[in-house]
Amino acid sequence: MAPSSGAPCTKGRSAIPELPEVETVRRALGPWLCGRTVIAAERVEAPPGPKYAGLERLPGQRIEAVLRRGKFLLLPLSRADRSGSAAGAPGPGDELIVHLGMTGVVRRTPPDAHLRVRVRLAGPEPSTLYFQDVRRFGRFTVVPSGDYRTLPTLAALGPDALASEFTVAAFARALRRSAMAIKTLLLSQRAVAGVGNIYADEALWRAGIHPERPARQLDRARVAALHQAIGAVLEESVALQGTTLHDYRTVDGEVGSFLERLAVYGHAWEPCPRCGTTIEKVVLGQRGTHVCPRCQPRPRRRRHRA
DNA sequence: CGCATTTCCTGGTAGC
DNA sequence: TGCTACCAGGAAATGC
Numbered sequence: 000m001a002p003s004s005g006a007p008c009t010k011g012r013s014a015i016p017e018l019p020e021v022e023t024v025r026r027a028l029g030p031w032l033c034g035r036t037v038i039a040a041e042r043v044e045a046p047p048g049p050k051y052a053g054l055e056r057l058p059g060q061r062i063e064a065v066l067r068r069g070k071f072l073l074l075p076l077s078r079a080d081r082s083g084s085a086a087g088a089p090g091p092g093d094e095l096i097v098h099l100g101m102t103g104v105v106r107r108t109p110p111d112a113h114l115r116v117r118v119r120l121a122g123p124e125p126s127t128l129y130f131q132d133v134r135r136f137g138r139f140t141v142v143p144s145g146d147y148r149t150l151p152t153l154a155a156l157g158p159d160a161l162a163s164e165f166t167v168a169a170f171a172r173a174l175r176r177s178a179m180a181i182k183t184l185l186l187s188q189r190a191v192a193g194v195g196n197i198y199a200d201e202a203l204w205r206a207g208i209h210p211e212r213p214a215r216q217l218d219r220a221r222v223a224a225l226h227q228a229i230g231a232v233l234e235e236s237v238a239l240q241g242t243t244l245h246d247y248r249t250v251d252g253e254v255g256s257f258l259e260r261l262a263v264y265g266h267a268w269e270p271c272p273r274c275g276t277t278i279e280k281v282v283l284g285q286r287g288t289h290v291c292p293r294c295q296p297r298p299r300r301r302r303h304r305a
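In numbering that gives the first Met the number 0, the protein residues as written are 0 to 305.
Here it is, written out as structure tokens:
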């Protein structure tokens, strides 16, 4: 419905949850889920496979926390029912890993379609968690704590963009090692975790860096500017509960309002808010990429020296 | 190992 | 109207 709601025409329609959207979800889930014990968990409308692996291990485990690393939600679990010590320390548990992918939604009410996982919890209503995922790019997996062998991106994840470990020095080190286009490296999650297509374009525009510039060619000033831009754009978006392009909603069904702050993403052919030059949309690494050709000049080709 | 390419998946939409 | 073709995109799998 409401095909034109005043939103910029992105031609995109999906949620595309990145760090701010996942953080918004995390904050809503924490108070609801922490301390609760799983009674039952089942896969619904989804084929068997690694994306929903380990659900049978959930019953009997208690959710200890709702954490986030990049775009991954990590829920450490504990087994409270070890024989003997009823009041003793909880036994070592597993870890529930949730990734929203493109269209994943964690809900307290049943969706009308595309339900993938249902989890029943002990305690007061609402006591059922529903994981809905139209395009099945998401994940809902239980693994032994810290065993990320089936999640290579999580295993090699860089520091979270909003964590104190994400320092300019660490960022510079990661960039120096890579010949990839800076935007492609950002999307890989290896140099920094949590930046996706929208915020990569926004941060690079803020920092005045062309997305195709090889990562190792960023000088100190550009590295610092990009580091600062990533933190700023993500923090501003978290404060507004993220960006709703179309489908994304907070757990309480609200829209995120960072959409109106987007400078380039979804604004191809419109004037750059800083200089007025027409914003271009190109394809980089199979991803739609928005760039102001004046604010983000293409890197000059390196001169050969004899 | 590093990097590029392909695959997964469905709803919306352009074009006829 | 109804059909086909195509597109969006994060992470995993595959291919050098």
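Ideal placement from N, C-alpha and C gives every residue a C-beta, glycine not left out. Computed from a prediction, not measured in an experiment: that's the story for all the values here.
Who pairs with residue i in a beta bridge, going by DSSP?
i	result
Thr277	Pro270
His226	Paired residue(s): none; His226 is not in a bridge.
Ile96	Leu73 and Thr140
Ala39	Arg119
Arg106	Tyr129
Gln240	DSSP, once it has assigned bridges, lists no residue as partnering Gln240.
Pro91	Ser77
Gln60	Arg78
Val282	Gly287
Going by beta carbon distance, what residues of the same chain come within less than 8 Å of residue i, once the five residues before and after it are set aside?
i	result
Ala178	Pro213, Ala214 and Arg215
Arg219	Ala171
Thr108	Pro125 and Tyr129
Pro58	Val37, Ile38, Ala39 and Ala40
Arg42	Tyr51, Leu54, Arg115 and Val116
My output table needs one value for residue i: the three-state DSSP class, helix, strand or coil.
i	result
His113	coil
Ala180	strand
Ile208	coil
Gly5	Confidence at Gly5 is low in this model, with a pLDDT of 29, below 50, so the placement of that residue is unreliable and no value is reported for it.
Ser256	strand
Phe170	helix
Ala192	strand
Thr287	A quick correction: the sequence has Gly, not Thr, at residue 287. Strand, per DSSP.
Val65	coil
Val263	coil
Pro213	strand
Asp159	strand
In its own chain, which residues sit with a C-beta less than 6 Å from the C-beta of residue i, not counting the 5 before and 5 after it?
i	result
Leu99	Pro16 and Gly137
Gly83	Its pLDDT being 44, under 50, Gly83 is placed unreliably in this model, and the coordinates cannot settle the point.
Taking 8 Å as the threshold (C-beta atoms), are residue j and residue i in contact?
i	j	result
Ala45	Thr140	no
Ile229	Pro210	no
Ala199	Gly157	no
Val21	Arg56	no
Val65	Leu114	no
Thr276	Arg299	no
Phe71	Ile96	yes
Arg26	Arg61	no
Arg106	Ala39	no
Ser77	Glu63	yes
Thr152	Gln188	yes
Pro75	Ser144	yes
Val281	Val290	yes
Thr23	Gly255	yes
Glu279	Phe257	no
Val263	Glu201	yes
What is the C-beta distance between residue i and residue j, in whole angstroms, given that I count them as a contact (C-beta under 8 Å)?
i	j	result
Leu233	Leu18	5 Å
Leu307	Gly284	Because the chain is modelled from 0 through 305, residue 307 falls outside the range shown and cannot be assessed.
Arg286	Asn196	5 Å
Considering only residues of the same chain and omitting the five flanking positions on each side of residue i, which have a CB-CB separation below 7 Å?
i	result
Ala223	Val167
Val133	Thr102 and His113
Arg221	Ala206 and Ile208
Gly69	Leu18, Leu156, Asp159, Gln188, Ala192 and Gly193
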